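Here this note's numbering is used: the first residue of the sequence shown is 2, the next is one more, and so on.
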Amino acid sequence: MGLVMLGNCGGATGQAASGESDTADSAAIAPTDSTAAEDIRFDADSAYSYVATQVSFGPRVPGSESHAKTSAWLERELRRHGAEVTLQHAKLKAFDGTELPMTNIMGSYKPDKSDRLLLLAHYDTRPWADQDATAANRKKAIDGANDGASGVGVLLETARMLGAAQPDKGIDILFVDCEDYGTEGDDESWAMGARYFAAHPIKPGYKPSRAILLDMVGGIGAEFPAEYLSRSNAPEIDDAIRSAAARAGHSAKFPRKIGGAITDDHVELIKAGIPAIDIIDYRGGFCPTWHTMDDNMDNIDKETLRAVGETLFEYLRKN
Ligand code: AHN
Ligand code: ZN
2 MGLVMLGNCG
12 GATGQAASGE
22 SDTADSAAIA
32 PTDSTAAEDI
42 RFDADSAYSY
52 VATQVSFGPR
62 VPGSESHAKT
72 SAWLERELRR
82 HGAEVTLQHA
92 KLKAFDGTEL
102 PMTNIMGSYK
112 PDKSDRLLLL
122 AHYDTRPWAD
132 QDATAANRKK
142 AIDGANDGAS
152 GVGVLLETAR
162 MLGAAQPDKG
172 IDILFVDCED
182 YGTEGDDESW
192 AMGARYFAAH
202 PIKPGYKPSR
212 AILLDMVGGI
222 GAEFPAEYLS
232 RSNAPEIDDA
242 IRSAAARAGH
252 SAKFPRKIGG
262 AITDDHVELI
272 KAGIPAIDII
282 DYRGGFCPTW
292 HTMDDNMDNI
302 DKETLRAVGE
312 TLFEYLRKN
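Rendered as structure tokens:
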């Protein structure tokens, strides 16, 4: 199933790994509107500004006004980019007894197609900078520029491209809630929105055939080795992503090696029988700003957003 989008990843360095170079643009066809096909490409400036806008709302802690403003904005943005939007609301009980009002937000492209590819990122942010070096900061809420906003930023930019190109395939973009209200040592306390999503079809009969999660995809010096559980449950998606990264000139950030096993939203999908991978920055541990007050715009690298966005774009073109 070829993708409608054209353009070999604007800004790509063109250094495809040997054996993975790719000259084909034959599958590309003109977009449905008057936009020139070559203009449809991942725009890292646009992705960056989508990250900055989220941060400008304030920490997106479930139940907060900033969170509510963000969900309303995400819904509007998906609609603006031509998606059919479905919302899922629930009240979830966190590990500490707090009731979290959950809103999962899904934008669908070509909703009538039965085969669905799900792209997702969490948009809530952690209420506590509990990994901060300074004890006085550990009860403060983080900006979550990387942990949360980066994945959403890349996917909003992807939504913009999908809206312009209208590829002939079923793609859903999910902004999932209540990922980061967890506590160490309790796996069930994380990824609560994704667990709810996996257990309660957001529309009748909804079950994607595969899923790709983006988490912490904007950090300085990021690396995206294969996440262990992704690799063992969905090696074909992981392989296709690494091939796409090589074609787009980003194999250095997507090395063919296996990183740690990470509790994250994708695990809930895997448990529900959906092959899923997690594209997550892992360097023998999470990035240095993880769950600290330094997870802010100063530590977002547009080139990291570009590498992930162009890789995803190249994957969508061929898969
Ligand atoms: C745990 O810390 C158990 N999992 C990390 C998942 C996560 C948190 N992703 C972003 N923030
Ligand atoms: Zn987190």
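Heads up, the beta-carbon is just placed ideally off N, CA and C, and yes, glycines get one too.
Quick caveat, the model's predicted, so the values are computed rather than measured.
In the segment 210-247, which residue ranges form an unbroken alpha helix (DSSP H) of at least 4 residues, counting only runs that do not cross its ends?
Correct list: 229-234.
Return the Cβ separation of LYS258 and ALA277 in integer angstroms, given the expectation that the two are a contact with Cβ distance under 8 Å.
Contact doesn't hold; Cβ gap of about 20 Å is too wide.
Cβ atoms of TYR49 and LEU157: under 7 Å apart, would you say?
Against a cut-off of 7 Å, the Cβ pair of TYR49 and LEU157 comes out as no contact.
Out of VAL62, ASN147, ASP188 and GLU180, point me to the one whose CA is closest to LYS141's CA.
The option with the nearest alpha carbon to LYS141 is VAL62.
Determine the DSSP secondary structure at GLN89, reduced to helix, strand or coil.
If DSSP states are grouped into helix, strand and coil, GLN89 belongs with the strands.
If we count the other Cβ atoms within 10 Å of its Cβ and call it buried at 16 or more, is ALA146 buried or exposed?
It is buried - the Cβ of ALA146 has at least 16 other Cβ atoms within 10 Å.
Since ASP178 and GLY149 should fall inside the 8 Å C-beta cutoff, what is the C-beta to C-beta distance between them, to a whole number of angstroms?
At roughly 10 Å, the Cβ-Cβ gap does not stay under 8 Å, so ASP178 and GLY149 are not in contact.
Quick one: give me the first and last residue of the alpha helix (DSSP H) that MET107 is part of.
Not the alpha helix (DSSP H): MET107 falls in the beta strand (DSSP E), residues 100-110.
Measuring only the C-alpha atoms, how far is ASP299 from GLY206?
Cα to Cα, ASP299 sits roughly 43 Å from GLY206.
I'd like to check one pair, ILE41 with ALA165: are the Cβ atoms closer than 7 Å?
In contact: ALA165 and ILE41 (Cβ atoms closer than 7 Å).
Tell me where the beta strand (DSSP E) around ALA277 begins and ends.
ALA277 -> beta strand (DSSP E) spans 277-281.
In whole angstroms, what separates the C-alpha of GLY171 from that of ASP239?
So the two alpha carbons sit approximately 20 Å from each other.
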